[in-house]
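So that you can map any letter, position 29 of the sequence shown is 29 in UniProt numbering, and since no number is skipped, the others follow by simple counting.
Report on one structure; see the data block that follows.
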Amino acid sequence: MSSAPGEQHEVRQTSSTEDWHPDPSKSIKLTPARQALIDDIIALYSCEPTIKRVERYTADCVYDDQFVYANDRYKMAGQWFALPKLFKASKNEGYEIVVNEPNLIQFKNEQSWTFKLIPKTATINALVSLSLDPDTVDSDFIQVKYHKDQANDKDYSHEGSLRIESSPLCV
Numbered sequence: 001m002s003s004a005p006g007e008q009h010e011v012r013q014t015s016s017t018e019d020w021h022p023d024p025s026k027s028i029k030l031t032p033a034r035q036a037l038i039d040d041i042i043a044l045y046s047c048e049p050t051i052k053r054v055e056r057y058t059a060d061c062v063y064d065d066q067f068v069y070a071n072d073r074y075k076m077a078g079q080w081f082a083l084p085k086l087f088k089a090s091k092n093e094g095y096e097i098v099v100n101e102p103n104l105i106q107f108k109n110e111q112s113w114t115f116k117l118i119p120k121t122a123t124i125n126a127l128v129s130l131s132l133d134p135d136t137v138d139s140d141f142i143q144v145k146y147h148k149d150q151a152n153d154k155d156y157s158h159e160g161s162l163r164i165e166s167s168p169l170c171v
């Protein structure tokens, strides 16, 4: 594991366009190991958490979006395992890899979320940046140091609506 903590791997997200709707036909091709990582991340977004998928994150990882800021794997896992309790379904409508650098994968993601208690589905387009653990980028099991999910053109601070720092999310 890289000695620098996950918080030091944050990427400031920028996009050359305001259109965050993915076009899978324009997606940059990935190596099999990188594609396996993306497949696991998309499965997590799709309410399919497993311990193996959560292990894609380093112990000192950060997950950062407009709702949640979790600063280690244990706390971040609570969020992924809570999603099936909050949503009846989550379907990936498509993604487009827009950056594939040695320590960074960035993709546009479209996800439809169907709430459990309210019969409503919301579709969200986001720009997702995965800062990769430098010690695992050349391995068959690549890990994430910093996962940043930006659902509109704002680059959120670390003051998410739900800041998970002292205890894991329990639902």
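Glycine included, each C-beta is placed from N, C-alpha and C at the ideal position.
Computed from a predicted structure; not experimentally measured.
Counting only the same chain and skipping the five closest in sequence on each side, list residues whose C-beta sits under 7 Å from that of residue i.
i, result
"F81", "P49"
"S46", "S90, K91 and N92"
"Y63", "A70, M76, Q79 and H147"
"R53", "D40, A43 and L44"
"D140", "A33"
"R99", "Here residue 99 turns out to be Val, not Arg, going by the sequence shown. Closer than 7 Å at Cβ, skipping near neighbours: I105 and Q106."
Within 10 Å of its beta-carbon, does residue i have 16 or more other beta-carbons around it, so buried, or fewer, so exposed?
i, result
"F107", "buried"
"E28", "Sequence inspection shows Ile at residue 28; the Glu mentioned does not correspond to that position. By the neighbour-count rule (16 or more Cβ atoms within 10 Å), I28 is not buried but exposed."
"residue 182", "Any question about residue 182 goes unanswered here, given that the chain covers just 1 to 171."
For a quick check, are the C-beta atoms of residue i and residue j less than 8 Å apart?
i, j, result
"N92", "I124", "no"
"Q150", "A126", "yes"
So what does DSSP say about residue i, is it helix, strand or coil?
i, result
"Q143", "coil"
"residue 250", "Outside the displayed span of the chain (1 to 171) sits residue 250, for which this structure offers no information."
"V117", "Before going on, a small fix: residue 117 reads as Leu here, not Val. Looking at L117 - three-state DSSP - the assignment turns out to be coil, as it is neither helix nor strand."
"K29", "coil"
"residue 173", "The requested residue 173 is not part of the displayed model; the chain covers only 1 to 171."
"residue 180", "One cannot answer for residue 180 here, as it falls past the ends of the chain, which runs 1 to 171."
Using a Cβ-Cβ cut-off of 8 Å (strictly less than) and excluding sequence neighbours within five positions of residue i, which residues of its own chain qualify?
i, result
"L104", "V11, S129, L130, S131 and L132"
"P24", "G94, Y95 and E96"
* Segment contact flag, the segment 26-41 with the segment 64-75, C-beta cutoff 8 Å, min 3 pairs -> Remark: fewer than three beta-carbon pairs, one from each stretch, lie closer than 8 Å, so the segment 26-41 and the segment 64-75 are not flagged as touching.
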